[in-house]
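Participant:
There are 2 protein chains.
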Amino acid sequence: MDARAICLAVLSMGDASGYEIRKSLESGPFGSFTDAGYGSIYPALKRLSEEGMITGRQESQEGRPDKTVYSVTQKGKLALLDILHEAPSVERLTSDHLFRLFFAELLPVRMVEALIEERIAHYRTKIAQMREGRERGHGSPGADFVCGFGLALYEAGAHYLEEHKHALLAAIAIDGEAPPAAQQPDSALPSQAAE
Amino acid sequence: MDARAICLAVLSMGDASGYEIRKSLESGPFGSFTDAGYGSIYPALKRLSEEGMITGRQESQEGRPDKTVYSVTQKGKLALLDILHEAPSVERLTSDHLFRLFFAELLPVRMVEALIEERIAHYRTKIAQMREGRERGHGSPGADFVCGFGLALYEAGAHYLEEHKHALLAAIAIDGEAPPAAQQPDSALPSQAAE
DNA sequence: TTCGGTATATATCGGTTCGATATATTGCCG
DNA sequence: CGGCAATATATCGAACCGATATATACCGAA
Chain L
78 MDARAICLAV
88 LSMGDASGYE
98 IRKSLESGPF
108 GSFTDAGYGS
118 IYPALKRLSE
128 EGMITGRQES
138 QEGRPDKTVY
148 SVTQKGKLAL
158 LDILHEAPSV
168 ERLTSDHLFR
178 LFFAELLPVR
188 MVEALIEERI
198 AHYRTKIAQM
208 REGRERGHGS
218 PGADFVCGFG
228 LALYEAGAHY
238 LEEHKHALLA
248 AIAIDGEAPP
258 AAQQPDSALP
268 SQAAE
Chain B
78 MDARAICLAV
88 LSMGDASGYE
98 IRKSLESGPF
108 GSFTDAGYGS
118 IYPALKRLSE
128 EGMITGRQES
138 QEGRPDKTVY
148 SVTQKGKLAL
158 LDILHEAPSV
168 ERLTSDHLFR
178 LFFAELLPVR
188 MVEALIEERI
198 AHYRTKIAQM
208 REGRERGHGS
218 PGADFVCGFG
228 LALYEAGAHY
238 LEEHKHALLA
248 AIAIDGEAPP
258 AAQQPDSALP
268 SQAAE
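Chains as they are written, first to last, in our numbering: chain L, 78 to 272; chain B, 78 to 272.
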């Protein structure tokens, strides 16, 4: 799933400019499980256009600079179908928050608390937005399914953080008084286990 | 959180070779929320070594090729602490599965079913592994917290998929008989809404 | 003995992406 | 007028991905 696939997917749901594609990734239904920045979107749009998978037209607007709005061609729709039929290969989560929470005992308690609160707030905001969007009307079966899935995960995440926050803070408040001792995972380093 | 931070983090929990770092990301506690391939790990180790944050020593093994095992230096530990104190910036999920499920009505029912089953199996396997690892002994408070968080999310994900699978399959079996009509998200493309 | 496959172990490469930055247009406000 | 924000497009260097390459060691089959 590269930037071209992402652009095709967004455009398959309606015409858009490069800027709008980016905006829809930031706050639309796609953004939860994919992302692409301007640095990828614009070259991708250029290539898709050269390959005849999308066509662009210039549009003037009142009070705003002109924009190029892209439509997906029949060729582009077929290409998107091909992509969807390929075996999925990428499942990846990158989380700076979890990375820091993993080493919570090395951080000040106040900071760990802030990290958790921040994440709870983020989830709760997301949940409210998605709930609102769902009430306004439903999308396709697939979009609904994925939205429901996202809601379920956000709910579970928020709930876990709310329920276990105090236990972690209590544990590191005690641990924080001991010298920082790096704990060793049990099976991640087989050569260590062999020693 | 770049490859250098990841290597420092893994090494802070015990000495390891480049290969072992990669293996620990594939199946250790870190791999759920971060990742790095050989293409990033080896250049990062080289740089960290040049910067005096890690030291490498050659080790011979029986029945296996020699390896270079890296240890983190005091300088490296301080650098990791600095990194942990920086504000978190990256939270990203990329999921080929969800991307395809979003367009479920464009895909054959059998394929959608397989995608979902595959994901359920993956979650259930992960859950079992993590449960097993937890029984064997506990890690640091932070590691336990993050592990519990991961478990909660996997459980929620598996449960949602199991509970809603049939509804989606039923919906697209009906929809699959209509001409594929791209549905338009309601608020993702403000310029469309304006038209 | 040789070959193919697998595991361990390290390294590299071209294409892609990220994140930041730059530029341009338009409007608003002090 | 200048600064700021929003819209809109484009670019750039550093970093990364995914594939590939190479090397060592072992095992089993032909």
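Every residue, glycine too, gets a C-beta built ideally from N, C-alpha and C.
What you are looking at is a predicted structure, and each value in this text was computed from that prediction instead of being measured.
1) Specify whether the region 158-166 of chain B and the region 176-183 of chain L touch according to this definition: at least 3 beta carbon pairs, one from each stretch, less than 8 Å apart.
2) Count the other CB atoms within 10 Å of the CB of M130(B); is the residue buried (16 or more) or exposed (fewer)?
3) Find the nearest neighbour of H236(B) within the set R196(L), H243(L), L238(L) and G227(L), judged by alpha-carbon distance.
4) Name, please, each residue of chain B whose Cβ falls closer than 8 Å to the Cβ of E239(L).
5) Thinking C-alpha only, which one of S137(B), S104(B) and S172(B) is nearest G108(L)?
6) So does K203(B) have its beta carbon nearer than 6 Å to some heavy atom of the ligand NAP?
7) Is H243(L) close to chain B, meaning its C-beta is less than 7 Å from at least one C-beta of that chain?
8) I'd like the span of the alpha helix (DSSP H) that includes P120(L), first residue to last.
9) Name the residue from G95(L), F110(L) and V189(L) whose alpha carbon lies nearest to the alpha carbon of S148(L).
10) Work out the CA separation of L170(L) and R81(B) for me, nearest whole Å.
11) Determine the closest residue to A244(L) out of I98(L), A93(L) and I193(L), with distance taken between C-alpha atoms.
12) Would you mind listing the beta strand (DSSP E) stretches within the region 172-234 of chain L that are 3+ residues and don't spill past its ends, in chain order?
13) Does the beta carbon of R177(L) come closer than 7 Å to any beta carbon on chain B?
14) For K152(B), which residues in the same chain have their Cβ closer than 6 Å to its Cβ, ignoring the five residues on either side in sequence?
15) Could you tell me which residues DSSP pairs with S94(L) in its beta bridges?
16) Can you find a C-beta in chain B that's less than 7 Å from the C-beta of R305(L)?
17) Which residues in the same chain have their Cβ closer than 7 Å to the Cβ of L238(L), if we skip the five residues on either side of it in sequence?
18) So S137(B) is in the beta strand (DSSP E); what residue range does that whole segment cover?
19) Taking DSSP's pairing of strands, which residues face R169(L) in a bridge?
20) State the DSSP-derived secondary structure class of S109(L), mapped to helix, strand or coil.
21) Across which residues does DSSP place T150(B) in a beta bridge pair?
22) Report yes if the CB atom of L155(B) is closer than 7 Å to the CB atom of S89(B), and no otherwise.
23) Can you give the beta carbon distance from H199(L) to F222(B), rounded, assuming they're within the 8 Å contact cut?
24) Taking 7 Å as the CB-CB cut-off, is I249(B) touching chain L?
Facilitator: With the structure as the only source:
1) yes
2) buried
3) Closest by C-alpha distance to H236(B), out of R196(L), H243(L), L238(L) and G227(L), is G227(L).
4) Going along chain B, no residue has its Cβ under 8 Å from E239(L), so there is no contact; the nearest lies around 11 Å.
5) S172(B)
6) Looking at this structure, you won't find the ligand NAP or any other ligand, since it has none at all.
7) Closer than 7 Å: no.
8) Y115 to E127
9) G95(L)
10) 18 Å
11) Ranking I98(L), A93(L) and I193(L) by Cα distance to A244(L) puts I193(L) first.
12) Listed in chain order, there is nothing to give.
13) yes
14) The beta carbon of K152(B) sits closer than 6 Å to those of G129 and M130, all from its chain and outside the five residues before and after it, given in chain order.
15) In DSSP, S94(L) forms no bridge with anything.
16) Residue 305(L) lies beyond the range of chain L shown here (78 to 272); nothing can be said about it.
17) I193, R196 and I197
18) I131 to Q138
19) T171(B)
20) coil
21) Answer is none; T150(B) lacks a bridge partner.
22) Not a contact, by the Cβ cut-off of 7 Å.
23) Wrong, their Cβ atoms sit about 17 Å apart, outside the cutoff.
24) yes
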